[in-house]
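Using the numbering used here, the letters of the sequence shown correspond one by one to residues 276 to 478.
All residues carry an ideal CB built from backbone N, CA and C; glycine is no exception.
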Amino acid sequence: MKIICIGRNYADHAKEMKTEVPKEPVFFMKPDTALLKDGQDFYFPDFTSDLHYECELVVRIEKVGKNIAEKFAPKYYSSVSLGIDFTARDLQAICKEKGLPWEMAKAFDHSAPISNKYILIDQVNLSDLHFEFIQNGKTVQKGHTADMIFSVDKIIAYVSRYMTLKTGDLIYTGTPAGVGPVKVGDQLEGYLNSEKMFSFSVK
Ligand code: MG
């Protein structure tokens, strides 16, 4: 399986990163070794001193598809979850400055924690989902799918022009404003539509 991540999909986050709101979806990838299942501890990596959380709605692909038309995209997923796109912000800044790929800042082991729970789409309204990220008991990010610049269907149509989507692939759909650093000892929790999705600590 592969993990596809969308960058700058919320205008308020693009603003806080001092970057433009994109006209087309921006995507990058993480390998399967980036996954960290809920309940497992995250160990702070030794190659960064500025690790940021980015809490994101995650869509699981259910069916193989290529060149998927936007109107048919809903046939390719039936559930969503919640995860984190961990980013070594210091390394990312170096990559950006030099015009290099982002993998060392974004695709490292356990950079993609994911809930073990999935919420079925037919039980919710995908354009009316809210999620929350809590660091040490304090809410630091709040997101709402209505604020996405590119909808899940648009993302699927766009990405599948370039690469075949396969069953089990995960799409991290971008983070809202409020990103910030994590440190050893932090307790991190995520809620999707008020349901607790993950809880783990940074060691
Ligand atoms: Mg992200």
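Query                                                                                                                                                                : Result
Under 7 Å from any heavy atom of ligand 1, does the C-beta of residue 437 make it?                                                                                   : no
If you reduce the DSSP assignment to three classes, tell me which class residue 462 lands in.                                                                        : strand
Applying the criterion that 16 or more other CB atoms from any shown protein chain within 10 Å of the CB defines a buried residue, is residue 339 buried or exposed? : exposed
Check this for me: beta carbons of residue 325 and residue 287, under 8 Å apart or not?                                                                              : no
Find the nearest neighbour of residue 342 within the set 406, 295 and 436, judged by alpha-carbon distance.                                                          : 436
In whole angstroms, what is the alpha-carbon distance linking residue 295 and residue 285?                                                                           : 11 Å
DSSP on residue 435, reduced to helix/strand/coil?                                                                                                                   : helix
Would you kindly work out how many angstroms separate the C-alpha atoms of residue 302 and residue 452, rounded to a whole number?                                   : 18 Å
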